[in-house]
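Residue numbers (the numbering used here): 1263 to 1462. In what follows, a structure is listed as structure tokens, so that the remarks can point back to it.
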Ligand SMILES: Cc1cc2nc3c(=O)[nH]c(=O)nc-3n(C[C@H](O)[C@H](O)[C@H](O)COP(=O)(O)O)c2cc1C
């Protein structure tokens, strides 16, 4: 099948840990034959959701800003890799803006599918790449819940991903054994799993 992968770079820090990991993930996806697009959340000029209810009727957001460029990429992707550092036990504010604005896609899903149909996902698969500085056992709970329901809005299943603790300094991730290889392999296996699912 045609695999269209989308990488969402969520860190405000250019060349930081999650940037480096997502670069590798996307290389792996490309190598496995996917068409790859990227979004840098730090470069988007977007507002939060206004909770105006506009999308309830149409499945489209009434606000006109850089999300106009993002929605088509979210719509056409069948594999999404979201990379975000852990900020206060969640994704960064830049990513959260984007996620809140995906409410329009949630409304579209609600309009287009019955409750029964909404038990399954037809939009593809979503993955998380996350890094935090500390080591607590609950470090990724908040991030994972938020991201799971982001993918739910996109009609995608959340498939897990790679989560690194105890990594703080810019670029420190490169010193972790296997981090780059693990990321490359995630990109590759995510694309391969789409091809497997669609084989007769
Ligand atoms: C505003 C802010 C909030 C943060 N909150 C947390 C946190 O709650 N838990 C944690 O383990 N690390 C936290 N960190 C550390 C980052 O997650 C960590 O440095 C990460 O490696 C940064 O990834 P990046 O280089 O991709 O931006 C925080 C950093 C900043 C700047």
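For each residue, glycine too, the CB sits at the ideal point set by N, CA and C. Since we're looking at a predicted model, the values are computed, not measured.
* Measuring alpha carbon to alpha carbon, tell me which of 1461, 1283, 1416, 1358 ends up nearest residue 1435. => 1283
* Burial state of residue 1412, where buried means 16 or more other Cβ atoms lie within 10 Å -> buried
* Asked: Can you round the beta-carbon distance between residue 1275 and residue 1399 to whole angstroms, since I take them to be within the 8 Å contact cut?
  -> That pair is no contact at about 25 Å.
* **Residues bridged to residue 1319 [DSSP beta-bridge criterion]** => Residue 1319 pairs with nothing; no bridge assigned.
* Asked: For residue 1288 versus residue 1449, is the C-beta spacing smaller than 7 Å?
  -> yes
* Asked: By Cβ distance, which residues of its chain are closer than 6 Å to residue 1321, with the 5 residues on each side in sequence left out?
  -> 1369, 1370, 1373
* Does ligand 3 have even one heavy atom less than 6 Å from the beta-carbon of residue 1380? -> Ligand 3 is absent from the structure shown, which contains only ligand 1.
* Is DSSP giving residue 1449 helix, strand or coil here? -> helix
* Among 1325, 1440, 1305, the one whose alpha carbon lies nearest that of residue 1366 -> 1325
* To do: Using DSSP bridges, identify the partner residues of residue 1347.
  => 1393
* Out of 1296, 1410, 1425, 1394, point me to the one whose CA is closest to residue 1419's CA. => 1410
* Asked: Rounded to whole angstroms, how far is the Cβ of residue 1390 from the Cβ of residue 1336, which I believe are closer than 8 Å?
  -> Not confirmed; about 16 Å, so no contact.
* Would residue 1401 be called buried (16 or more neighbouring beta carbons within 10 Å of its own) or exposed? -> buried
* **Nearest-angstrom beta carbon gap, residue 1265 and residue 1340 [assumed within contact, 8 Å]** => 6 Å
* Exposed or buried, residue 1263, counting other C-beta atoms within 10 Å across all chains shown (16 or more means buried)? -> exposed
* Is residue 1286 buried or exposed, if buried means 16 or more other CB atoms sit within 10 Å of its CB? -> buried
* For residue 1324, three-class secondary structure by DSSP -> coil
* Asked: When the Cα atoms are used, what is the spatial distance from residue 1388 to residue 1457?
  -> 15 Å
* heavy atom of ligand 1 below 6 Å from residue 1292 C-beta -> no
* Regarding residue 1350 and ligand 1, is the C-beta to nearest heavy atom distance less than 6 Å? -> yes
* Answer with buried or exposed for residue 1439, where buried requires no fewer than 16 other C-beta atoms within 10 angstroms of its C-beta. => exposed
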